[in-house]
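Undergrad: The numbering used here puts the first residue of the sequence shown at 239, with every later residue one more than the last.
So that we are looking at the same thing, I have put the structure below in structure tokens.
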Amino acid sequence: MGKDRPLVLGSASPRRRQILGDLGIALIQKPGACDESTRSGETPLGYLERVAADKLGSVLPLLGEAPFAGVLVADTIVVVDDEILGKPADEADARGLLRRIVGRTHTVFTRYLISRSDAPGEPVSARTVRTEVTMRAASDEVIAGYAATGEGRDKAGAYAAQGIGAFLIERVAGSYTNVVGLPACEVVQDLCRVGLLERYP
């Protein structure tokens, strides 16, 4: 894997791209599209498994003829009270989501799949990584002020751990980069294990 045979990141997320870029992994982004709405009776982990698999399937028609080493897709969710908290529809929705998570602990799950170029539709690695995030208590005024920044507009749970939203986080138990969108430690381990990285660093 290198500049001549990059990893295909099947995601439009600038945060996942930055995490992999900071790790020195050559990549190209080819985000697919799939149904990310929740289904009746679907558990959070069941949702993650379905959406990650659908994301991989949606990337396959986009691969083209250019050489690549493998494909990585991922999906991240925020869960509280066994319920998935999605991305806010607007600023008022962001305030409501933030009220659900301040002053308590919630869980962030990321599910990722890795496949090789010789069989891009068949994952050689599938892992779900869990991180517990404890938020400080915050007044409605503080919540409204943060929601008004717009930072959490496109993020599950309506906050960004790597941005202004860090001021709300008291404790992270597990992978910090998992909260941002991709667990760096586990991804590198699996890229090495399946032979897409010969050695690292």
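Glycine included, every Cβ here is placed at the ideal spot set by N, Cα and C.
1) Alpha carbon to alpha carbon, how far is Asp-356 from Leu-300?
2) Can you tell me which of the three DSSP states Gly-334 falls into?
3) Using a beta-carbon distance below 8 Å, is Ala-307 in contact with chain D?
4) Can you name the residues that DSSP bridges to Gly-383?
5) May I ask you to verify whether the segment 322 to 340 touches the segment 248 to 266, counting CB pairs closer than 8 Å and requiring at least 3?
6) Using 8 Å as the cut-off, can you tell me whether the segment 390 to 397 makes contact with the segment 323 to 332, which would need three or more C-beta pairs spanning the two stretches below that distance?
7) Taking the straight line between their C-alpha atoms, what separation do you get for Thr-387 and Ala-291?
8) For Tyr-350, write down the residues that DSSP places opposite it in a beta bridge.
9) Flag Val-318 as yes when its Cβ comes closer than 7 Å to any non-hydrogen atom of the ligand SAH, and as no otherwise.
10) Measure the C-alpha to C-alpha separation of Glu-370 and Asp-320 and round it to an integer number of angstroms.
11) Return the CA-CA distance between Pro-244 and Thr-348, expressed in angstroms with no decimal places.
12) Measure the beta-carbon distance from Asp-428 to Ile-315 and round it to whole angstroms, keeping in mind my assumption that it falls under 8 Å.
TA: Straight from the coordinates:
1) What you label residue 356 is simply residue 118 of the sequence shown in a count that begins at 1. What you label residue 300 is simply residue 62 of the sequence shown in a count that begins at 1. Answer to the nearest angstrom: the Cα atoms are 15 Å apart.
2) As a first step, residue 334 is located in the sequence shown; it is residue number 96 there, counting from the start. Gly-334 falls in the helix class under three-state DSSP.
3) This model lacks chain D altogether, as it is built from one protein chain only.
4) For the purposes of this step, residue 383 is taken as the residue at position 145 of the sequence shown. Partner(s): none; Gly-383 has no beta bridge.
5) They do not touch, by the three-pair rule.
6) Taking one beta carbon from each stretch, the segment 390 to 397 and the segment 323 to 332 have 3 or more pairs nearer than 8 Å; the two touch.
7) As a working mapping, residue 387 is identified with position 149 in the sequence shown. As a working mapping, residue 291 is identified with position 53 in the sequence shown. Answer to the nearest angstrom: the Cα atoms are 33 Å apart.
8) The sequence position of residue 350 within the sequence shown is 112, counting from 1. DSSP lists Ala-312, Arg-365 as partners of Tyr-350.
9) As for the ligand SAH, it is missing from this structure, which has no ligand bound.
10) In the sequence shown, the residue the question calls residue 370 occupies position 132. In the sequence shown, the residue the question calls residue 320 occupies position 82. Answer to the nearest angstrom: the Cα atoms are 13 Å apart.
11) In the sequence shown, counting from the first residue as 1, residue 244 sits at position 6. In the sequence shown, counting from the first residue as 1, residue 348 sits at position 110. Approximately 22 Å between the Cα atoms of the pair.
12) Locating residue 428 in the sequence shown gives position 190, where the first residue counts as 1. Locating residue 315 in the sequence shown gives position 77, where the first residue counts as 1. 20 Å between Cβ atoms; not a contact.
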